Amino acid sequence: MKKLLAILLALVLVLSFAACASTNETTAEDTNNTAETTDATTDTDTAEDADTADEAETADDAETSDAAFTTVEEGKLHMSTNAAFPPYEMVADGEGFQGTGYEGIDVEIAYAIAQKLGLELVVDDMDFTAALEAAQSGKSDMVMAGVTVNEDRLAVMDFSDSYATGVQVVIVTEDSPIATLDDIEGKLIGTQKGTTGFTYASDTPENGGYGEDAVIGFDNGLSAVQALKNGQVDCVIIDNAPAQSFVAENPGLKILDTEWVTEDYAIGVAKGNTALLDAINGALAELIADGTVQGIIDTYITAE
Ligand code: GLN
Numbered sequence: 004m005k006k007l008l009a010i011l012l013a014l015v016l017v018l019s020f021a022a023c024a025s026t027n028e029t030t031a032e033d034t035n036n037t038a039e040t041t042d043a044t045t046d047t048d049t050a051e052d053a054d055t056a057d058e059a060e061t062a063d064d065a066e067t068s069d070a071a072f073t074t075v076e077e078g079k080l081h082m083s084t085n086a087a088f089p090p091y092e093m094v095a096d097g098e099g100f101q102g103t104g105y106e107g108i109d110v111e112i113a114y115a116i117a118q119k120l121g122l123e124l125v126v127d128d129m130d131f132t133a134a135l136e137a138a139q140s141g142k143s144d145m146v147m148a149g150v151t152v153n154e155d156r157l158a159v160m161d162f163s164d165s166y167a168t169g170v171q172v173v174i175v176t177e178d179s180p181i182a183t184l185d186d187i188e189g190k191l192i193g194t195q196k197g198t199t200g201f202t203y204a205s206d207t208p209e210n211g212g213y214g215e216d217a218v219i220g221f222d223n224g225l226s227a228v229q230a231l232k233n234g235q236v237d238c239v240i241i242d243n244a245p246a247q248s249f250v251a252e253n254p255g256l257k258i259l260d261t262e263w264v265t266e267d268y269a270i271g272v273a274k275g276n277t278a279l280l281d282a283i284n285g286a287l288a289e290l291i292a293d294g295t296v297q298g299i300i301d302t303y304i305t306a307e
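Counting from 4, one number per residue, gives the positions in the sequence shown under our numbering.
Set out below in structure tokens:
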């Protein structure tokens, strides 16, 4: 009898532990002392109901979620990015936000997450594709670069909950004959290499694109915009927030009214790095709930 009770108790411990550990809100700190004995002794119902398959599954979950996360460099949180995507990430003139050398929505959100996790934020600036790959391969802890979540990327990396929305828009010169998406047919499109804008635009016409030959991929958004000003391309397809800022800084350009595709931005981490992802999601949930994320977005993007 005693033995049975002990087994039952152990089972309840595992189950209540798993229940706590599998909720999205749990942070690294929270998961440290789950499975409290009071819960465990009163909660015998769940143990009786549980079948063996469930037990195995939840016990597994508990293990992965509870594992303490590690980072590339101890005490630091490395964020790979492409700091040419205003107002999400830019190279700062001076010392940048909190001495990072960079500024922007992603930089400030990343800094707030790092603080919650007790880490120092380090920003690693590189090409957009390299920034994605760095997180994928575990060279950086996470990529924040106005990264859109899509199927292709979900196949090779994991994403946090979304913290912002992006919309693909079209930039043209003020005197452009392009007024609608249909007018783009037969024209040359500038995009940034490796972005969703590039992917949609170069897709086949049956899939809503304009075909590979119609698209030129530039190293960053600003180079694409410069090519538009020089007449090398007829329009630029890019996310709305950087589009606004490029147009504000470059007279003679405008954004078409048509919004093309709406997307979710999220933080990317190496596939299977559940411990870090859970910690990031925990911090992010708190920062969204207390208004910090919206506050940061509002300081960079003023509502129209
Ligand atoms: N949101 C777009 C994407 O993920 C563009 C991001 C960027 O250029 N930094 O592809």
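Cβ coordinates follow ideal geometry from the N, Cα and C atoms, glycine included.
Here the structure is a predicted model, which means the values were calculated and not measured.
- Contact check between the stretch 136-149 and the stretch 254-272: three or more CB pairs, one atom from each, fall below 8 Å, which counts as touching.
- By the Cβ neighbour-count rule, Asn233 is exposed, with fewer than 16 other Cβ atoms within 10 Å of its own.
- Leu279 is the residue among Asp178, Thr302, Leu279 whose C-alpha sits nearest the C-alpha of Ile116.
- DSSP, read as helix, strand or coil, puts Ile174 in strand.
- For Lys119, the enclosing alpha helix (DSSP H) starts and ends at 108-119.
- Around the CB of Ala138, 16 or more other CB atoms lie within 10 Å, so the residue is classed as buried.
- For Glu136, the enclosing alpha helix (DSSP H) begins and ends at 131-139.
- With a minimum length of 4 residues, the unbroken runs of alpha helix (DSSP H) contained wholly in the stretch 214-282 fall at 224-232, 243-252.
- Residues Gln171, Gly211, Gly212, Ile240, Trp263, Val264 of the same chain have their beta carbon placed closer than 8 Å to that of Tyr203, with the five preceding and five following residues left out of the count.
- Inclusion of Ile174 and Ala246 in the CB contact set at 8 Å is warranted, their separation being smaller than that value.
- Bounds of the alpha helix (DSSP H) holding Thr199 are 199-205.
- Taking 8 Å as the cut-off, the beta carbon of Glu266 is found closer than this to the beta carbon of Thr168.
- Between Leu225 and Ser163, the alpha-carbon positions lie close to 28 Å from each other.
- A distance below 7 Å between beta-carbons, with the five flanking residues on each side excluded, links Phe88 to the following residues of its chain, in chain order: Ala148, Gly149, Gly224, Pro245.
- Between the stretch 246-261 and the stretch 125-138, the count of C-beta pairs closer than 8 Å stays below three; the two stretches do not touch.
- Beta-carbon to beta-carbon, Val296 and Ile112 are separated by about 6 Å, close enough to satisfy the 8 Å threshold.
- Taking a C-beta distance under 8 Å as the contact criterion, Phe72 and Ala230 do not qualify as a contact pair.
- Partner residues in the beta bridge of Thr194, as assigned by DSSP, are Gly220.
- The beta carbon of Arg156 sits closer than 8 Å to the beta carbons of Leu135, Val150, Phe162, Gly271 from its chain, once the five residues preceding and following it are set aside; these are given in chain order.
- Here Tyr105 carries a strand assignment [DSSP, helix/strand/coil].
- Checking the 7 Å criterion, the Cβ of Ala148 is within range of a heavy atom belonging to the ligand GLN.
- Between Asn85 and Asp130 a beta carbon distance of about 6 Å is seen, short of the 8 Å cut, so the two are scored as contacting.
- Taken atom to atom, the span from the alpha-carbon of Thr302 to that of Thr277 is near 31 Å.
- Look at Asn243: its beta carbon is at least 7 Å from all of the heavy atoms in the ligand GLN.
- Here the C-alpha atom of Gly285 lies approximately 14 Å from the C-alpha atom of Tyr114.
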